[in-house]
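These notes concern the structure reproduced below.
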Amino acid sequence: MPDLPLLDPRFGGVFYCLKELTMFQPDLATAERPTGDWQGYVVPQDWGHFTADDHEVWDMLFARQVPYLGARIVSPFLDGIPKLGLDAPGIPELGALNAKLTPLSGWSLVPVAGIVPDAAFFAMLSERKFPIGNFIRPADSLDYLEEPDCFHDIFGHVPMLASPAIARLMEALGKLGVEAIAAGEGDAIARLYWHSVEFGLAREGGEVRILGAGLASSFGEAHVALEAELPRPRFTLRDAANMPYRNDRFQPLYFVADSLDEVAAELEALDVSGLKQLAGPD
Ligand code: FE
Numbered sequence: 002m003p004d005l006p007l008l009d010p011r012f013g014g015v016f017y018c019l020k021e022l023t024m025f026q027p028d029l030a031t032a033e034r035p036t037g038d039w040q041g042y043v044v045p046q047d048w049g050h051f052t053a054d055d056h057e058v059w060d061m062l063f064a065r066q067v068p069y070l071g072a073r074i075v076s077p078f079l080d081g082i083p084k085l086g087l088d089a090p091g092i093p094e095l096g097a098l099n100a101k102l103t104p105l106s107g108w109s110l111v112p113v114a115g116i117v118p119d120a121a122f123f124a125m126l127s128e129r130k131f132p133i134g135n136f137i138r139p140a141d142s143l144d145y146l147e148e149p150d151c152f153h154d155i156f157g158h159v160p161m162l163a164s165p166a167i168a169r170l171m172e173a174l175g176k177l178g179v180e181a182i183a184a185g186e187g188d189a190i191a192r193l194y195w196h197s198v199e200f201g202l203a204r205e206g207g208e209v210r211i212l213g214a215g216l217a218s219s220f221g222e223a224h225v226a227l228e229a230e231l232p233r234p235r236f237t238l239r240d241a242a243n244m245p246y247r248n249d250r251f252q253p254l255y256f257v258a259d260s261l262d263e264v265a266a267e268l269e270a271l272d273v274s275g276l277k278q279l280a281g282p283d
């Protein structure tokens with residue numbers, strides 16, 4: 002395994018996502034797991050509490066990220082930004098954003114205060130609800146996240162949710178996630194989620210592009226995923242379901258799907274018995 006580009010000064014700090022951390026460390030998450038009662042995690046966004054500095058942080062992150070992503074990200078992401086008005090300055094107000102998103106794809110965004118346990122997270126997805134942290138990182142910590150903030154959650158995930166095809170995939174992952182956790186296969190579905198819609202790459206137009214929201218929203222890791230000398234194996238359900246991941250540093254490898262449509266079709270066709278087979282011996 003090559004050296005990880007951990008704390009490479011060119012890229013600033015480490016992106017990591019504690020919402021996913023709970024999914025990927027079953028021992029930590031077990032105590033919180035039995036609940037699928039996701040409504041209990043919803044809080045007011047209280048958009049008025051964001052300061053001018055907070056909005057400026059959003060604008061700085063947006064202005065830095067969009068030019069780099071350019072044609073380096075799958076096209077539904079780029080289509081979603083103007084459709085949802087995400088190119089307007091400042092942190093979006095979720096009511097206004099939902100007024101645009103829901104008619105497009107049936108999804109709506111629900112504000113949360115921080116970490117959502119995996120059972121509740123997948124239960125939200127299964128009902129076309131996506132959790133959005135009601136806070137943003139400070140200006141002196143643009144590249145280091147202790148938990149997913151609204152820039153990760155909105156900029157990284159929401160443009161894709163405007164696409165009917167991705168909207169369907171994310172709902173399917175939610176439903177499979179709920180069933181998988183109940184069947185003791187939480188690790189396998191978490192890995193599939195991680196290596197596709199969170200930190201995956203996909204081919205489009207003859208190029209390897211960013212697919213995952215964790216990459217789309219991370220200046221440093223987007224560069225690493227596309228440019229660093231790291232393994233980029235072809236995405237298969239079996240390999241991804243069995244590949245551990247890192248949630249505290251940049252990934253040691255990035256799976257490349259043959260296309261967004263193909264990985265979406267494969268994941269949507271998967272059920273719990275198929276998941277059990279993937280997680281078992283070859
Ligand atoms: Fe995420």
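Counting with the working numbering, you get residues 2 to 283 for the letters of the sequence shown.
C-beta atoms are modelled at their ideal positions from N, C-alpha and C, and glycine is treated no differently.
Within the stretch 52 to 122, the complete beta strand (DSSP E) runs of at least 3 residues fall at 109 to 113. Here DSSP, grouped into helix, strand and coil, assigns Leu202 to strand. One alpha carbon belongs to Phe63, the other to Ile92, and they sit about 10 Å apart. A Cβ-Cβ contact shorter than 9 Å links Ala258 with Phe236.
Taking non-hydrogen atoms of ligand 1 into account, the C-beta of Glu172 is found less than 8 Å away from none of them. Going by DSSP, Ile155 is part of no beta strand (DSSP E) at all; its letter is neither H nor E. Within 10 angstroms of the beta-carbon of Pro232 lie fewer than 16 other beta-carbons, which makes it exposed. Boundaries of the beta strand (DSSP E) harbouring Gly134: 130 to 134, taken from the DSSP string.
Relative to the Cα of Ile116, the nearest Cα in the group Gly41, Val225, Gln278, Arg192 belongs to Gly41.
In the three-state scheme derived from DSSP, where H, G and I count as helix and E and B as strand, Val43 is classed as strand.
Leu238 is positioned such that its CB atom lies no closer than 9 Å to that of Gly178. Inclusion of Glu199 in the 8 Å shell around ligand 1 follows from its C-beta lying nearer than that to a non-hydrogen atom of the ligand. Contact between Ser218 and Gly157 holds, since their C-beta atoms are separated by about 3 Å, short of 8 Å.
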